[in-house]
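Chemist:
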Amino acid sequence: SLHFVTNKFSKLRLIKFGEERKRIENVGLLSLKKKKYDLKNILNDYKLDPDKFTILFTYHPVVKRKNKNYNDIKVIINSLEKLLKENELQIIITNPNFDPYCNLILKGLNNLKKKKYKNVKFYKSLGTENYHKLLYYCGKSNKGLCVGNSSSGIKDADFFNCPAINIGPRQNLRTKSKNVIDVKINQRQVYKKIKLLFSKNIR
């Protein structure tokens with residue numbers, strides 16, 4: 011048997027399980043490829059304002075929290091709304107995956123959509139390529155941030171030099187790089203951490 015792992019920690023874990031070193035190769039995350047995207051094209055495609063800070067937001071349901079998922083997304087949206095009212099920023103929101111209780115997340119997002127903030131854009135799905143383009147923009151422009159609980163904030167954002175705020179327990183025990191800040195589902199904490207990362211010095 012051969013094992014192809016994405017990081018050194020996974021390799022060490024397999025060795026502790028008794029696997030032979032010669033059968034384990036740390037190949038990295040093969041879904042990521044170095045590409046140079048055109049920032050102007052990204053700005054045009056998504057109608058982004060280069061003078062405004064950009065948040066790329068994706069939040070999936072946490073199955074073990076069951077019906078609490080609706081309250082969770084409400085808490086997070088309240089934080090985002092407060093930031094919208096106080097700062098010049100723009101938010102791109104994608105739908106959650108189809109895990110149980112995704113309807114509760116969608117309900118919260120639909121309530122936000124009804125308020126018709128001009129600087130908030132909603133997408134059912136961006137697809138991997140377009141999502142990577144936006145992570146690239148956030149990192150390259152030094153004016154963007156990945157927020158939510160998607161694995162993309164854990165495994166993809168660092169590759170594009172994009173800071174990420176991981177909210178809640180969905181990604182607990184996942185190996186994370188230094189670009190990720192973990193935050194509890196708490197309105198004050200989410201608001202405070204996002205606002206903190208507006209600072210280039212912090213980033």
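First residue of the sequence shown: 11, per my numbering; consecutive thereafter.
The beta-carbon is built from N, C-alpha and C at its ideal position, and this holds for glycine as well.
How would you write the range of the beta strand (DSSP E) that Lys202 sits in, first residue to last?
Modeler: Note, Lys202: premise wrong, no beta strand (DSSP E); alpha helix (DSSP H) at 197-206.
Chemist: Within its chain, find whatever has a CB closer than 7 Å to the CB of Asp59; leave out the 5 residues flanking it on each side and keep chain order.
Modeler: Gln100
Chemist: So, for Phe14: in the same chain, excluding its five sequence neighbours on each side, which residues have a beta-carbon less than 6 Å away from its beta-carbon?
Modeler: Glu35, Val37
Chemist: Where do the ends of the alpha helix (DSSP H) carrying Glu139 lie?
Modeler: 137-151
Chemist: With burial defined as no fewer than 16 other Cβ atoms inside 10 Å of the residue's Cβ, what is the status of Asp48: buried or exposed?
Modeler: exposed
Chemist: Smallest Cα separation from Pro173: which of Ile115, Asn17, Lys50, Phe67?
Modeler: Phe67
Chemist: Bridge partners for Val190 per DSSP, in chain order?
Modeler: As a beta-bridge residue in DSSP terms, Val190 pairs with Ala174.
Chemist: When burial is assigned at 16 or more other CB atoms within 10 Å of the CB, is Pro106 buried or exposed?
Modeler: buried
Chemist: Can you name, in chain order, every residue of its own chain whose Cβ lies under 8 Å from the Cβ of Arg31, other than the five neighbours on each side?
Modeler: Ile25
Chemist: What did DSSP end up calling Lys128 once you bin it into helix, strand or coil?
Modeler: coil
Chemist: Select from Leu40, Lys18, Leu94 the residue whose C-alpha is nearest the C-alpha of Asp166.
Modeler: Leu40
Chemist: Based on the DSSP output, what are the partners of Glu35 in its beta bridges?
Modeler: Phe14
Chemist: Within a Cβ cutoff of 6 Å, which residues of the same chain sit near Ser11, ignoring the five residues on either side of it in sequence?
Modeler: none
Chemist: With distances taken from CA atoms, which of Asn129, Lys74, Asn140 is nearest Asn97?
Modeler: Asn129
Chemist: Out of curiosity, what's the CA-to-CA distance linking Lys28 and Leu22?
Modeler: Correcting the residue type first, residue 28 is Gly in the shown sequence and not Lys. Looking at the two C-alpha atoms, the distance is approximately 10 Å.
Chemist: Is Tyr56 helix, strand or coil by DSSP?
Modeler: Here Tyr56 sits in coil by DSSP.
Chemist: With burial defined as no fewer than 16 other Cβ atoms inside 10 Å of the residue's Cβ, what is the status of Ser162: buried or exposed?
Modeler: buried
Chemist: Count the other CB atoms, across all protein chains shown, that sit within 10 Å of the CB of Asp61; report buried if there are 16 or more and exposed otherwise.
Modeler: exposed
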